[in-house]
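Enquirer: My questions all concern the structure below.
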Amino acid sequence: MADGQALDEVVTFTSDLIRIDTTNRGGGDCRERPAAEYAAARLAEAGLDPALLERTEGRTNVVARIEGTDPSADALLVHGHLDVVPAQAGEWSVHPFSGEIRDGVVWGRGAVDMKNMDAMILAVVRSWAREGVRPRRDVVIAFTADEEASAEDGSGFLADRHAALFEGCTEGIGESGAFTVHDGSGRQLYPLAAGERGTGWVKLTAHGRAAHGSRPNRENAVTRLAAAVTRIGAHEWPLRLTPTVRAALTELAALYGLDADLDDVDGLLEKLGPAARLVEATVRNSANPTMLEAGYKVNVIPGEAVAYVDGRYLPGHEDEFRATLDQLTGPDVNWEFHHHEVALQSPVDSPTYARMRAAVEEFAPEGHVVPYCMPGGTDAKQFSRLGITGYGFSPLKLPEGYDYGAMFHGVDERVPIEALHFGVRVLDRFLRTA
Numbered sequence: 138m139a140d141g142q143a144l145d146e147v148v149t150f151t152s153d154l155i156r157i158d159t160t161n162r163g164g165g166d167c168r169e170r171p172a173a174e175y176a177a178a179r180l181a182e183a184g185l186d187p188a189l190l191e192r193t194e195g196r197t198n199v200v201a202r203i204e205g206t207d208p209s210a211d212a213l214l215v216h217g218h219l220d221v222v223p224a225q226a227g228e229w230s231v232h233p234f235s236g237e238i239r240d241g242v243v244w245g246r247g248a249v250d251m252k253n254m255d256a257m258i259l260a261v262v263r264s265w266a267r268e269g270v271r272p273r274r275d276v277v278i279a280f281t282a283d284e285e286a287s288a289e290d291g292s293g294f295l296a297d298r299h300a301a302l303f304e305g306c307t308e309g310i311g312e313s314g315a316f317t318v319h320d321g322s323g324r325q326l327y328p329l330a331a332g333e334r335g336t337g338w339v340k341l342t343a344h345g346r347a348a349h350g351s352r353p354n355r356e357n358a359v360t361r362l363a364a365a366v367t368r369i370g371a372h373e374w375p376l377r378l379t380p381t382v383r384a385a386l387t388e389l390a391a392l393y394g395l396d397a398d399l400d401d402v403d404g405l406l407e408k409l410g411p412a413a414r415l416v417e418a419t420v421r422n423s424a425n426p427t428m429l430e431a432g433y434k435v436n437v438i439p440g441e442a443v444a445y446v447d448g449r450y451l452p453g454h455e456d457e458f459r460a461t462l463d464q465l466t467g468p469d470v471n472w473e474f475h476h477h478e479v480a481l482q483s484p485v486d487s488p489t490y491a492r493m494r495a496a497v498e499e500f501a502p503e504g505h506v507v508p509y510c511m512p513g514g515t516d517a518k519q520f521s522r523l524g525i526t527g528y529g530f531s532p533l534k535l536p537e538g539y540d541y542g543a544m545f546h547g548v549d550e551r552v553p554i555e556a557l558h559f560g561v562r563v564l565d566r567f568l569r570t571a
């Protein structure tokens, strides 16, 4: 089991990493190198030989391998990203890059997404070095850049240009799963992620006839765009159940003593109460308009108008997503992918999934582990290019009233120290047996 020093170090490392500002504003505006050097130094102190790799100067990734005791076993990838989304200091109770430790809580941007997991990985690896522990299978550690944008400088770059570093890896774990969800009735749920919706960020472009704003214009690009955006925003996507979501609904229904009526999923979700939040975003594709760009003067009708839509599609349903957008945009608006990544589906009956479940149950015997499909995406998408099956597993035991989802990209992001301790113990237990 991870030693006391590991429990101290995970807190220190989380705080230290938060203080290294790795804000990713998109468009290449980020510099992860200081955090990468920090992580690499901690790994080197544990006797590893980490490689620092860049596609773009300052956008640094770290990769290291721990040799296992069974050379015939497939390797396991353990990954976390180093970049974070922006934070406005004036909105926070503490400075978002202070890494302040107060009242048993570590505060700051990245406390949950996901410098906490980076710190857990470092703490476990160093604990093994002190004990002389070697895992059964090779474990490849990767700390990545650019996850909060396109991943082109991070996991995408590693998968495309440094595949040899991941030789033998067939499975991987990263964000986000094995966190406590309190259902309001005393139950504690621990969703383990075995799937992700695909990413379809879409650019809509409407063309029309530029003209004076005082004259009638039946070829108004803004009007055409607005109509398409309205259709997309109002569209009711049909129910689609993937194997992971089907398993989640079945297990949740059994836990709550309900009939798992998958012919009336919306009715079942209503009966599940707060637990429905784990699946309600992943029973359908979705498309939410998010940005509009048009015009330069109030009395000029522009010849072009642009909008962006955050689209997500379920495993096996990308073709339906595309066809639906063709229909909703209509003949006067063109659409194209601004950013496009695959949907993922991982088995929930694999030995690795069983070992993750067992590790959580050992340290949270009162909890109920359930399958989970992530509504968004992670670096697992890029690593899947290498044939790596991805799971979300960054364990945290959270107190009632702590809104885990609100911490992601939210104000006053923070993580309890006890949650970090739990994460180290569970991660250590899983990796020793994986």
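This note's numbering numbers the first residue of the sequence shown as 138 and each following residue consecutively. Just so it is clear, CB atoms sit at the ideal spot from N, CA and C, and this is done for glycine as well.
1) Going straight from the alpha carbon of glycine 305 to that of leucine 523, what length do you get?
2) Shortest alpha-carbon distance to glutamate 388 belongs to which of Leu405, Trp374, Arg492?
3) DSSP has leucine 481 in a bridge; who is on the other side?
4) Kindly identify the DSSP beta-bridge partner or partners of cysteine 167.
5) Closest to proline 502 by C-alpha separation, out of Gly321, Arg551, Val563, Gly410, would be which residue?
6) By Cβ distance below 6 Å, which residues in the same chain neighbour valine 262 in space, the five residues on each side in sequence not counted?
7) Less than 7 Å between C-beta atoms, sequence neighbours within five positions excluded: which residues of the same chain meet that for alanine 172?
8) Less than 9 Å between the beta carbons of tyrosine 393 and alanine 364, yes or no?
9) What did DSSP end up calling aspartate 463 once you bin it into helix, strand or coil?
10) For proline 253, which three-state DSSP category applies?
11) Compute the Euclidean distance between the alpha carbons of lysine 408 and glutamate 455, then round it to the nearest angstrom.
12) Let me know if alanine 301 comes out buried or exposed under the rule of 16 or more other beta-carbons within 10 Å of its beta-carbon.
13) Excluding sequence positions up to five away, which residues of its chain have a Cβ less than 6 Å from the Cβ of glutamate 441?
14) Around the C-beta of leucine 376, are 16 or more other C-beta atoms found within 10 angstroms, so that it is buried, or is it exposed?
15) Give the range of the alpha helix (DSSP H) segment to which arginine 156 is assigned.
16) Report the option in Trp229, Val277, Ser209 whose CA atom is closest to the CA atom of leucine 180.
17) State the beta-bridge partners of serine 487 as determined by DSSP.
18) Kindly indicate which three-state DSSP category histidine 475 falls into: helix, strand or coil?
19) Hey, tryptophan 374 and histidine 477: beta-carbon distance below 9 Å or not?
20) Based on DSSP bridge pairs, tell me the residues matched to proline 553.
21) The alpha helix (DSSP H) spanning proline 187 covers which residue range?
22) Is the distance from the Cβ of lysine 252 to the Cβ of glycine 309 below 9 Å?
Expert: Taking the geometry as given:
1) Within the sequence shown, numbered from 1, the residue matching residue 305 stands at position 168. Within the sequence shown, numbered from 1, the residue matching residue 523 stands at position 386. Distance between the alpha carbons of glycine 305 and leucine 523 is about 10 Å.
2) Stepping through the sequence shown from its first residue, residue 388 is reached at position 251. Nearest option by C-alpha distance: Leu405.
3) To locate residue 481, count along the sequence shown from 1; it is residue 344. Note: leucine 481 sits in a beta bridge opposite Glu333.
4) The count along the sequence shown starts at 1 and reaches residue 167 at position 30. None, per the DSSP bridge assignment.
5) Numbered from 1 along the sequence shown, position 365 holds the residue referred to as residue 502. Among Gly321, Arg551, Val563, Gly410, the Cα nearest to that of proline 502 is on Val563.
6) In the sequence shown, residue 262 corresponds to position 125, counting from 1. Contacts found: Ala183.
7) To locate residue 172, count along the sequence shown from 1; it is residue 35. Answer for alanine 172: Leu154, Ile157, Thr159, Leu219, listed in chain order.
8) Working through the sequence shown from its first residue, we reach residue 393 at position 256. Working through the sequence shown from its first residue, we reach residue 364 at position 227. Cβ distance not < 9 Å, so tyrosine 393 and alanine 364 don't count as in contact.
9) In the sequence shown, the residue the question calls residue 463 occupies position 326. Helix, per DSSP.
10) The sequence position of residue 253 within the sequence shown is 116, counting from 1. Note that residue 253 is asparagine in the sequence shown, not proline. Asparagine 253 falls in the helix class under three-state DSSP.
11) Indexing the sequence shown from 1 puts residue 408 at position 271. Indexing the sequence shown from 1 puts residue 455 at position 318. So the alpha carbons of these two residues sit roughly 30 Å apart.
12) By 1-based counting over the sequence shown, the position of residue 301 is 164. By the 10 Å Cβ count, alanine 301 comes out exposed.
13) Within the sequence shown, residue 441 is the residue found at index 304, counting from 1. Correct list, in chain order: His344, Ala358.
14) Counting from 1 along the sequence shown, the entry for residue 376 is found at position 239. Exposed, because fewer than 16 other Cβ atoms sit within 10 Å of the Cβ of leucine 376.
15) Along the sequence shown, read from residue 1 onward, the residue named residue 156 stands at position 19. Note, arginine 156: alpha helix (DSSP H), 141 to 156.
16) Position 43 of the sequence shown, counting from 1, holds the residue named residue 180. The shortest C-alpha separation from leucine 180 is found at Val277.
17) Reading the sequence shown from its first residue, position 350 is the one you call residue 487. None; serine 487 has no bridge partner.
18) Counted from its first residue, the sequence shown places residue 475 at position 338. Three-state DSSP puts histidine 475 in a strand.
19) Counting from one through the sequence shown, the residue named residue 374 turns up at place 237. Counting from one through the sequence shown, the residue named residue 477 turns up at place 340. No, Cβ-Cβ distance for tryptophan 374 and histidine 477 is not below 9 Å.
20) Within the sequence shown, residue 553 is the residue found at index 416, counting from 1. Beta-bridge pairing links proline 553 to Val242.
21) The count along the sequence shown starts at 1 and reaches residue 187 at position 50. Here proline 187 belongs to no alpha helix (DSSP H), and DSSP marks it neither H nor E.
22) Here residue 252 is taken as the residue at index 115 of the sequence shown, counted from 1. Here residue 309 is taken as the residue at index 172 of the sequence shown, counted from 1. Not in contact: lysine 252 and glycine 309 (Cβ atoms no closer than 9 Å).
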